[in-house]
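Protein chains: 4
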Amino acid sequence: MDQDLYYGTYLQLEKLLDAQSLESTRAGHTVHDEMLFIVVHQAYELWFKQVIWEIDEVKRIFDQRVVDEADMGSAVSLLRRVVEIQKLLIQQVSVLETMTPLDFLDFRDYLFPASGFQSAQFRVVENKLGLRAEDRMLLGGASYTSRFSDQDRRDVEALEGEPSLFDLVERWLERTPFLDHGDFSFWEAFQLAVKNRLEADRAVVEANPKLTSEEKATQLKEFEITMDQYEALFDPAKHAEQQASGRRRLSHRAFQAALFITLYRDQPALQEPYRLLELLMDIDEGFTSWRYRHAQMALRMIGRRIGTGGSAGAKYLEKSAERSRIFGDLYNLSTFLIPRADRPPLPPGIVESMRFKYEE
Amino acid sequence: MDQDLYYGTYLQLEKLLDAQSLESTRAGHTVHDEMLFIVVHQAYELWFKQVIWEIDEVKRIFDQRVVDEADMGSAVSLLRRVVEIQKLLIQQVSVLETMTPLDFLDFRDYLFPASGFQSAQFRVVENKLGLRAEDRMLLGGASYTSRFSDQDRRDVEALEGEPSLFDLVERWLERTPFLDHGDFSFWEAFQLAVKNRLEADRAVVEANPKLTSEEKATQLKEFEITMDQYEALFDPAKHAEQQASGRRRLSHRAFQAALFITLYRDQPALQEPYRLLELLMDIDEGFTSWRYRHAQMALRMIGRRIGTGGSAGAKYLEKSAERSRIFGDLYNLSTFLIPRADRPPLPPGIVESMRFKYEE
Amino acid sequence: MDQDLYYGTYLQLEKLLDAQSLESTRAGHTVHDEMLFIVVHQAYELWFKQVIWEIDEVKRIFDQRVVDEADMGSAVSLLRRVVEIQKLLIQQVSVLETMTPLDFLDFRDYLFPASGFQSAQFRVVENKLGLRAEDRMLLGGASYTSRFSDQDRRDVEALEGEPSLFDLVERWLERTPFLDHGDFSFWEAFQLAVKNRLEADRAVVEANPKLTSEEKATQLKEFEITMDQYEALFDPAKHAEQQASGRRRLSHRAFQAALFITLYRDQPALQEPYRLLELLMDIDEGFTSWRYRHAQMALRMIGRRIGTGGSAGAKYLEKSAERSRIFGDLYNLSTFLIPRADRPPLPPGIVESMRFKYEE
Amino acid sequence: MDQDLYYGTYLQLEKLLDAQSLESTRAGHTVHDEMLFIVVHQAYELWFKQVIWEIDEVKRIFDQRVVDEADMGSAVSLLRRVVEIQKLLIQQVSVLETMTPLDFLDFRDYLFPASGFQSAQFRVVENKLGLRAEDRMLLGGASYTSRFSDQDRRDVEALEGEPSLFDLVERWLERTPFLDHGDFSFWEAFQLAVKNRLEADRAVVEANPKLTSEEKATQLKEFEITMDQYEALFDPAKHAEQQASGRRRLSHRAFQAALFITLYRDQPALQEPYRLLELLMDIDEGFTSWRYRHAQMALRMIGRRIGTGGSAGAKYLEKSAERSRIFGDLYNLSTFLIPRADRPPLPPGIVESMRFKYEE
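Protein chains in written order, with our numbering: chain Y, 5 to 364; chain X, 5 to 364; chain L, 5 to 364; chain S, 5 to 364.
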């Protein structure tokens, strides 16, 4: 290097700090709070870039025939970083909320028809994580990319065909060796233990004198659904039905593997895999919470008005918070857990194979 | 005092730290994580007590024929404190989330049929703020107090008849003197400015070539509803209709006063009233967010299972997060705001009356 | 506008998202975590720009012969926004901390000699708030601008001559009209009440049988200092001495005004001024906490090593967290507060002048 | 169970919510904010109880001749929970800060001489983690337990003789098998790599034309200290000197093990141990930050006054934040890290032994 590296040069501050031009200023009278609006959204975009960078690296790790165990620590740490960034995204809503509806109105018209729904990077994040086109809500009958520039649309849609993090994690789960080690009797015992547990839950409802008959009926109906899902847990054909109906997304084997990891997470070889599953749920939850907080803020900011960009506004945001869960199957694992006391003992061979070599 | 005050005595630690007995221990084998479950819920109850203490004081301030302006600063500070406490309540969910579903299962059965829905203090908070019996969701056909002990039920239901913070704030808003000072032409101009603004929004939708016809239809229908509400803003009879249909809760005059405060909040006499309105929304939002985070956690913890206490579980919590907004009318004020540039000038007499005496 | 405004164009994402180039990539092998390092620092710089934008506006409000009471609400809201942004800055440390020392080492050499101490914008923030050249620690014998580019140095040093927010607030405090309204007997009573209070504190120490004689001596010496400060409170000459010795920064009259506002903050005309003083302390505390968290992180990241840029590293950061308080005098007001019960009653004329005109 | 478990009974709310009695009420006029003071401190005590519960469990895990690898996941999760609780403790300071100095003064006298320094549970936490009597600052010449009741003093001091978490972790580190597997040439290469790295750092300082000669001298002196520590890294006698002088606390072998884990943390068998070391630092940092925030708040609340209980107040708190780091040695590991590129390759036998058995 001929020249000393300078902080401002390294961070390209000349570009970065010259990228805020207020539409209200262009229109002739600067509205003070428009700067905040720009800076918050730019900060979001910077962090989206970082999130994409991290997800790409995690995908690289999982996009191998066999995931090197020496890479699991990194994968977990990178996902934990994403979770920390999400906390920041949520905190940023609190900063934006210091802008009042009246202040927003003063420059809102200048922004039309630009809209936060045009953040291509956020759609990239969703697609890379594994949100499918069919999971998305239509924006008033139109595709989620309908308001994008041609370039952005191409970039975002190109990802729809690529394997997502969901896909790669699913394949990794399917490869879990421990499912095959067990002998038949273990799986039979396991199946029975889960069933007993669910039946016990049902008995609680039936015996509860405090429930109205209406309540009881509703909850027993819920159990029928749960029992269907339970049967699907051990029956590939039933699982396929669940998938077809949209109730399950993970493959049969991947779902079983995730349940196995969750139940026997203390085994040395399952400690990092379990953390990974937890973090995937944390990330789902992080984006869901962010969307929800964002919807609350929008509701307050614009009331019943339509959003800039003519979008349906706060209501849309609230609904989409519900719909955008990618790893929902992992949440549902809890339905099939059993207390430690009821877990059938693992076959010794499996236990052994999950320990470290240095431990004689 | 005969004796020196001692930290532990002052805080009654002997009682406080002796109030954790694990049901799992009673049943013969201690489950480590039950302690966390107890302590988190006890911390919630301590903070609920504090929140009630603060709300009572704010109610005391507003429960006067005329609210002393010298008390407004206190009211605002106390509500801000409630908001800080709510952040803590939300943060506590993150601590509880360090307990995994498997850990919870290990002692969950011992808790039956106790349930978080039996927190009498939380219902007291809701009732004191102004949640009405009719706003509540039924717990499987039964009243929200159906699972309470007799004592708790009496305590909670007794509050249903008392004026809530909502009621007291409504009366205070109705007494706002500035609404009467204005001459007729100001109110006419104001009415027109709001209308023009809404019409402009409608024109934007109609002219937008990017909207599908379906989108356009939906959004124009939304406008009809908004225009109805607009008319109600200046027509007591129409407002009464809105109230009857459940679309508005605040009285006509209180709603007008809140809009006036929001629009002219810079006037010295409106600065504190505006902060107060903002904080009431913050508190609504705080409890909504807390319920939502709690629902997310429950979903993860119990999956499709029913809650301890046989409650409908995560789904119930999620729905109730939506329903429990008390000051929703304040959110809807945004619909009728107009940019500062379009605000009709206030009559000089009103402006003058809102200044301090020391300012000649 | 010929063309529709597009989200990406409005936010200048082309520039913003093209401003991350890794030195490690230039050197031939990309170190994954360098991206995080860049993005965190860019996010800091974006927020610094925003903070400067807000401080400039608050300065504009206070830079008037008389501050319009109708602007006080805005000033308070803008400072509260700065406090929210500071929470974000602190939270960002947690994100940076997901980078481990080992990861940092992998690209640390490439950054030499660039350093976070070269953030010109942060020095601008400090100067605008009112940090004086003489308050700053030397960076190894050299000025705080010694490592800046010529341009940055000029920008930062130019501000040293301009009135800071500290200066403007001081002048505003000095103009407080209420100090002059009171008659002599009020000030006498006030002076006496403060003195009695301090004497009572001293008596507590002297009578405390639990203190060792060493403890007692230390604390009584502390009281001598406090009593000196107390005398300065009512004696301009003694106050001038305090200023000369660096123990006070605010002028005599400004300090008295701040104490008056703090004690009688419930009066309508003092509610917003009191919030303002509180927020100035919050902002001091926010930057102090941020520097401290940053120092903790640096300690963990580099141990005893020197910082990039050859700076003295973690130790320097920790010390400077202590030294950079601008509104320290406001913290010290607490020393001279008296319980409400002991406050002398305000002369009725003053009380009256601090009320709103609308209140008869 | 004869009777249904009830929420309020389970949580012993009758005790818990009856444990707040205000001294100001006893003295005849209730001061509103005293309730907050009590509740915040009670919440602290509840959480301290929980932290002790968790630390005891982690100690139980480490208090074995060999720590079962199947327990490492639990240990890590429990420590992470402690970190989440610490965030809550820090957040609680923000709630307490909503009480202003004037409000505090109104009931402060009633509390004398009770003091937060009398929290026995917090001292228990410190002792269990491993803070030694000699690490503590004297409270004005007296022991940290001098203000305790007899019972509390006995409880706290009893722990001084027991093995702390520090002690148990130290022993566990000393047992690390991997240090012995390596042949001589690996350790030689390792030693050389660290040395080269440090020399390179020194060269940077010497060659830096921007440093003043004073700066250069200071930094080079720092290097002498660092080189001494480096030598101690491989020389038990020198390490013993470091320990004697208070610069190191961990034993020679434990310090080496911690460095090894930090450098080769990607190896499967080191992933959880590395997380554990990180969390021990997080916990240190959490308490340090809490003490610091607490000191900042006290400064603001009482100014130069003495604390309730006649303690030296804010200054004491600030100093003790610095002094109370328990796992400071882990922070200092960073001094001896080397970039991955410079790490000598691990002997194949060690690498192999750190993998899982199932991997061929």
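C-beta atoms are modelled at their ideal positions from N, C-alpha and C, and glycine is treated no differently.
- Looking at the DSSP output, F360 of chain Y shares a beta bridge with S:F360.
- Ranking S:V209, S:K214 and S:L237 by CA distance to the CA of K225 of chain S puts S:V209 first.
- Interface flag for N200 of chain S against chain L is unset, since no Cβ pair is found closer than 8 angstroms.
- By alpha-carbon distance to T104 of chain Y, the top candidate from X:Y278, X:H298 and X:M305 is X:Y278.
- In this structure, the straight-line span from the alpha carbon of F111 of chain X to that of E27 of chain X is close to 8 angstroms.
- Residue environment analysis places I229 of chain X among the exposed positions, since fewer than 16 neighbouring C-beta atoms fall within 10 angstroms of its C-beta.
- The C-alpha of A74 of chain X lies about 48 angstroms from the C-alpha of R158 of chain L.
- For the options X:M358, X:M231, X:A204 and X:P213, the alpha carbon positioned closest to that of Y268 of chain X is the one of X:M358.
- Sixteen is the threshold: since fewer than 16 other Cβ atoms of the shown chains lie within 10 Å of the Cβ of N200 of chain Y, the residue is exposed.
- Put simply, the backbone Cα of N212 of chain Y is about 11 angstroms away from that of Q223 of chain Y.
- The shortest C-alpha to C-alpha distance from Q155 of chain Y to any of L:L82, L:M301 and L:E18 is the one to L:E18.
- Between A23 of chain S and L9 of chain X, the gap from beta carbon to beta carbon reaches 8 angstroms or more.
- The beta carbon of V99 of chain L sits closer than 7 angstroms to those of V44, all from its chain and outside the five residues before and after it, given in chain order.
- Neighbours of M358 of chain Y across chain S, judged by C-beta separation under 8 angstroms: F360, K361 and Y362.
- Measuring C-alpha to C-alpha distances from Q260 of chain L to each of L:L50, L:L337, L:G165 and L:G134 identifies L:L337 as the nearest.
- In this structure, F126 of chain L and F52 of chain L form a Cβ contact; the two beta carbons are roughly 6 angstroms apart against a cut-off of 8 angstroms.
- Annotated three-state conformation of N212 of chain L is coil, per DSSP.
- Residue-level contact check: D110 of chain L touches chain S, since one or more beta carbons of chain S fall below 8 angstroms from its beta carbon.
- Near chain S, meaning a CB-to-CB distance below 7 angstroms, no residue of the region 63 to 79 of chain X qualifies.
- Around the beta carbon of D107 of chain S, 16 or more other beta carbons lie within 10 angstroms, which makes this residue buried.
- With a beta-carbon spacing of about 30 angstroms, M301 of chain L and V62 of chain L fall beyond the 8 angstroms limit used to define contacts.
- With respect to chain L, the C-beta atom of G12 of chain Y has a partner C-beta closer than 8 angstroms.
- Contact note: E174 of chain X does not reach chain L at a C-beta cutoff of 9 angstroms; the least C-beta distance is about 20 angstroms.
- Leaving aside the five residues that flank L334 of chain Y on each side, the residues in its chain whose CB is nearer than 7 angstroms to its CB run, in chain order, A262, L281, L284 and M285.
- Cβ-Cβ distances below 7 angstroms link I56 of chain L to Q125, V128, V129 and K132 in the same chain, with the five nearest sequence neighbours on each side left out; the list follows chain order.
- Counting only runs that start and end inside the region 99 to 135 of chain S, the alpha helix (DSSP H) elements of at least 4 residues fall at 105 to 115 and 124 to 133.
- If the five residues before and after F170 of chain X are omitted, its C-beta is found closer than 8 angstroms to the C-beta atoms of L133, G134, R253, I330 and F331, all from its own chain and listed in chain order.
- Residue contact with chain Y for I229 of chain L: absent (no Cβ-Cβ distance below 8 angstroms to any residue of chain Y).
- A distance below 6 angstroms between beta-carbons, with the five flanking residues on each side excluded, links D37 of chain L to the following residues of its chain, in chain order: M103 and D107.
- Listed by position along chain L, the residues whose Cβ is nearer than 7 angstroms to that of F116 of chain S are V208.
- For the 8 angstroms CB-CB criterion, L15 of chain Y and Q95 of chain L do not form a contact.
- Cβ neighbours of D67 of chain L within its own chain (closer than 8 angstroms, five residues either side excluded): P167 and L172.
- Looking from the CA of I265 of chain S, the closest CA among S:L202, S:F340, S:L109 and S:E161 belongs to S:F340.
- For the region 266 to 290 of chain S, residues whose beta-carbon sits nearer than 9 angstroms to a beta-carbon of chain Y comprise R269, D270, Q271, P272, A273, L274, Q275, E276, Y278 and R279.
- In the structure shown, the three-state DSSP call for G32 of chain X is coil.
- Residue L:S147 holds the alpha-carbon nearest to the alpha-carbon of T216 of chain S among L:S147, L:G165, L:L109 and L:A345.
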